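Notes follow once the structure below has been shown.
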Amino acid sequence: MIMKDLVESRLVLGRAPRALLDRVADDPTAPLTVGLAGPAGHGKTALLAELTRVQQRAGVTVRTGAPGPDDAVDPDDLLLVDNAHLLDDERIGVLLRLVATRRHRLVVAHRPWPRSAALTELVDTLRRDGQAVLLGPFTRDQTAAWIAGVPELTQRGELVDFVHTQTGGVPRDVERLTRSLRAAPSLTTVPGEPPRSVVLEFAPELEIQPAPVRRLLLAVAAGVPLPVAMLGPLLDQEPEAVDELIATTRAAGLIGADGRLTPLVRRAVTTLSPATERSALWRRLTELQLARGGPVLPLVRSLLAVGVLGDCPAPTLAAAAQEALADEPAFAADLFAAATAAGHPTGARQALAAALAGNLDDALRLADRLLTTAEPADRAEAAVVAATALAHRGHTSRSVELYRWSGTASSVAFAAVGGLATGDLGAAAPPVGEPAGEPPTLHASAARLMAEGVRESVTGTPSAALSALVQSAALLEPDGRAALLPDSPAALAALTAVHCGELDIAERVLHRAQTAGVGGPLMARRHRLLQAWILMVRGQTLSAAERLATVTADERALESRDLLFAAALRMGIGRRTSDLGALKRGWSQALEAVVRHRVDLFTLLPLGELAIAGARLGDVARLTPYLREGRALLDRLGAPALWSVPLHWSGLHAAILTGDPAAADDHVAALLAAAEHSRYAGVVAAAAESWVEVLRGVVDPVRVEAAARGLHDTGLCWDAARLAGQAAIRTSDRRAMTTLLECARVLQGRPTGGTGGQRPSDGEKATPVADAIAGPTQQGLSDREYEVAELVLTGLTYREIGDRLFISAKTVEHHVARMRNRLNCANRAELLALLRTMVADRASDAAGQPWPQRSAR
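Each residue of the sequence shown is one higher than the one before, starting from 695 at the first, in my numbering.
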């Protein structure tokens, strides 16, 4: 019976009040002395009403209200007293005497505050001689139980979470919010914020509060921790009075035990308080916080969340923007703009924040304006912002000019990096002296090391260059989020490592920079693109494509340098997967990316990759001017081997695809001349020489395997397997072919001893290299079979292929089955992968026919 009554009365109870009701229901006349405590809105009155119903059904007389000194109280009756905290001392004395008799049955409900001496004595006596029951907020399960009793509301976890979060489980507010939601015309989704109707219900409750309580609520509604030492000056109250205000507000059920407002109450306070009172108090709060040196960003963020950011003084906005600069540069830029609009010009800081956020249009616009109108200090900082933005957009010469004009130690170093990138060998000379009065900060030290590393890459050794750049990257890791960089030392270290075959070092330095957030969002894409590049070079094309997709996931336009790398990555992945359609689709975008970014030292890698793709498409001539410009740049720098070797390696493969033996020989000669510069150069030179020999029909399996393994050890896994696979399909020696196929499988990461439909061990999709070595291919395809293969690879059905070739679909099916058997493919997927490689090889003039022997020069 008791449970049915509770459901009907919509009462949801915790363990202690439920135990009290059960005890009263089981023995209605048993002794009962209870002190019931809880803030307003926590169900004291509802529980007393339920006790009344239970006792009356048992025939017990229930008396409500505190008796006076002359009132008689029957010991058999149940005396229920609500709001005992409002009683005078005389009536509390009467209750004390009733408890002392130990004959009367009574339940006294009260708030935790105010607490007079007489009430304190009564509460202690009730707890000592009877039972103390404390009412708290609902748990999530109790909130769910309440909502379950509202038929109009669909029971969903999201709705329960919304109600419980908004109300903090305060029963009064749970009831208000669910009632408001119930009255909504339709509730198909959980709302983002409480309905205005429930907010308005707080108006009478707030209006009756004393002015100091309302001011306290406004202060707490700001959403930041406020120590009593700060609340006192803010509210013009002594510390003891502040403590009393907090206790009063907590007892009113408007503030939680943790001293915070629930989202629902906070919205009510900010919405219903007079705008002038709110604005004045929050302005005073921000001034106090700023004066004591405390963080103001949480306060500003909190005010923004309730739509009253205009109440913040301009200096507070500027200070908050500075605090947000490292982690949220876009937000910082907005705050700087708001401070400027409020009459507090932020100068170059707004331009800096826009640049760090990757918004180079705004950064350039603001910086260019400051260059002509600002004070000297701001002009120098604006020049740095403009120089950095221009570097990312490929205007390196103009960037160098601005860096030099700025004159800081970091700017001088960045100017040296930019000068070397454009082929100015004079920039390789270390600067004479340092700008006077500038402290040797981590940023300045990192910039100097970065310049030193690039100089070493041109005039010194790869090891010295890599060491300086890795050290530079490490210096920025502790506090590099707000470092505005034309290029990060981690990116240059990775580029240098890729150019000398140290891919593991490249991966680690990029990972650390990405984890530390060096350079902010402006550099984040650069780091991810280089990570994708390393994956592509290793032959992990699926992972490379996935990493590339993260770069463009937000659909924000790429700056020209990143656009060039992204385009080269797409073409490189398409080439390695023999996806001719992707190559054709991406070629025009790749050409546009080349046009948009002037050739410099740090873009030779994507330029070389695009040269190979252009050769594969028969359109490399359109890249010839840019390749010529790249070679001229290297000549101005004295043809540094570290930067020249990868370009010659790419040139060799472009020459192979265009069937140009003379050009291939030139690249091999250049690689051999640089072979002594580093282990990587020697490995690539040996592989290049072996590759052209294979194409001329000279296959030395021992030499080919050594060259392929050397490539693999330097990270060029895809090229390594390709070399072994190409040698395998061109040798007439069956034993050599088997040896080279096994070698290629190992280098590709595939199991040895036959394909059997196995996939690469690293989880990648089968790549052209793996496909080329998937099985013996000594028996070629007929012309008709090549026609069928080309159409199968386009995705046409057998019927559609038959219509194209004027043969039946059954004949097409026979052709495909015959190709699968002849090529020893375990399944259709493996056949398709192998056909891609064979069709691609046939499309090249170099495939299938030996080159002429190298002529004497």
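All C-beta atoms, glycine included, are put in the ideal place defined by N, C-alpha and C.
Note that the coordinates shown come from a computational prediction; the quantities given were computed from them, not determined experimentally.
Answer yes or no: do residue i and residue j have a C-beta to C-beta separation smaller than 8 Å?
i       : j       : result
Ala1141 : Ala1080 : no
Glu1323 : Val1293 : yes
Ala1083 : Leu1060 : no
Thr795  : Leu774  : no
Glu1150 : Val1212 : no
Asp1313 : Trp1281 : yes
Leu1341 : Leu1298 : yes
Pro711  : Leu829  : yes
Gln1047 : Leu1064 : The question names Gln, but residue 1047 is Ala in the sequence shown. It is not a contact, given that the beta carbons lie outside the stated cut-off.
Arg1215 : Phe1108 : According to the sequence as given, residue 1215 is Pro; it is not Arg. For Pro1215 and Phe1108, no; Cβs fall outside 8 Å.
Ala803  : Leu742  : yes
Arg805  : His779  : yes
Ala760  : Leu789  : yes
Leu1050 : His1193 : no
Thr861  : Asp855  : no
Leu1526 : Leu1487 : yes
Ala1018 : Leu979  : no
Glu1479 : Met1513 : yes
Ala1167 : Thr1190 : no
Val1002 : Leu955  : no
Val963  : Leu998  : no
Ala1380 : Ala1401 : yes
Val706  : Phe896  : no
If we count the other Cβ atoms within 10 Å of its Cβ and call it buried at 16 or more, is residue i buried or exposed?
i       : result
Asp716  : exposed
Leu894  : exposed
Ala1301 : It is Leu, not Ala, that sits at residue 1301 in the sequence shown. Leu1301 is buried by the Cβ-count criterion.
Asp776  : buried
Ala877  : exposed
Ile1423 : buried
Ser1100 : buried
Ile902  : exposed
Ala1369 : buried
Arg986  : exposed
Ala1468 : Interpretation of Ala1468 is limited by its pLDDT of 32, a score under 50 that renders its predicted location unreliable; no figure is taken from the coordinates.
Asp673  : Past the edges of the chain, shown from 695 to 1551, lies residue 673, and the structure says nothing about it.
Arg1493 : exposed
Gly1112 : buried
Gln750  : exposed
Pro1133 : exposed
Asn1053 : buried
Thr1425 : buried
Thr1034 : buried
Ala1226 : buried
Val922  : exposed
Arg1250 : exposed
Ala731  : buried
Gly1451 : A caution first: Gly1451 carries a pLDDT of 35, below 50, which makes its placement in the model too unreliable to give a value.
Val1396 : exposed
Asp670  : This structure does not reach residue 670, given that the chain is present from 695 up to 1551, and the question cannot be answered.
Provide the residue(s) that pair with residue i in DSSP beta bridges, ordered along the chain.
i       : result
Ala731  : His804, Leu828
Arg757  : Leu773
Arg1439 : Paired residues: none, contrary to the question.
Arg1493 : Per DSSP, none; premise fails for Arg1493.
Arg799  : Leu772
My assumption, with CB atoms under 8 Å, is that residue i sits in contact with residue j. Please give the rounded CB distance.
i       : j       : result
Leu1351 : Ile1306 : 7 Å
Leu1327 : Trp1343 : About 17 Å separates the two Cβ atoms, so there is no contact after all.
Thr727  : Leu800  : 6 Å
Leu1163 : Gly1147 : 4 Å
Leu900  : Arg908  : 7 Å
Leu1295 : Leu1096 : At roughly 19 Å, the Cβ-Cβ gap does not stay under 8 Å, so Leu1295 and Leu1096 are not in contact.
Leu872  : His858  : First, the residue type needs correcting, since residue 872 is Thr and not Leu in the sequence shown. Not confirmed; about 11 Å, so no contact.
Val1378 : Val1339 : 6 Å
Gly729  : Gly863  : Gly729 to Gly863, Cβ: 22 Å. No contact.
His1509 : Val1482 : 5 Å
Beta-carbon of residue i versus every beta-carbon of chain C: anything under 8 Å?
i       : result
Ala1239 : Although the question refers to chain C, the structure presented lacks it and comprises just one protein chain.
(request) Output the residue ranges of the alpha helix (DSSP H) runs that lie fully inside the stretch 1241-1309 and measure 4 residues or longer, sorted by chain position. (result) Counting only runs of 4 or more, we get 1254-1270, 1274-1290.
(message) Just to confirm the assignment: which complete alpha helix (DSSP H) runs, minimum length 4, are found wholly within the stretch 869-946?
(response) Listed in chain order, the complete alpha helix (DSSP H) runs (minimum 4 residues) inside the stretch 869-946 are 890-894, 897-901, 905-915, 922-929, 933-945.
(request) Identify every run of the beta strand (DSSP E) within the stretch 1348-1404, keeping only runs that are complete inside it and at least 3 residues long; order them along the chain. (result) Within the stretch 1348-1404, not a single complete beta strand (DSSP E) segment reaches 3 residues in length.
(request) Report the residue ranges of all alpha helix (DSSP H) runs contained in full by the stretch 1132-1220; include only those spanning at least 4 residues, in chain order. (result) 1136-1153, 1156-1170, 1183-1193, 1197-1210, all fully within the stretch 1132-1220.
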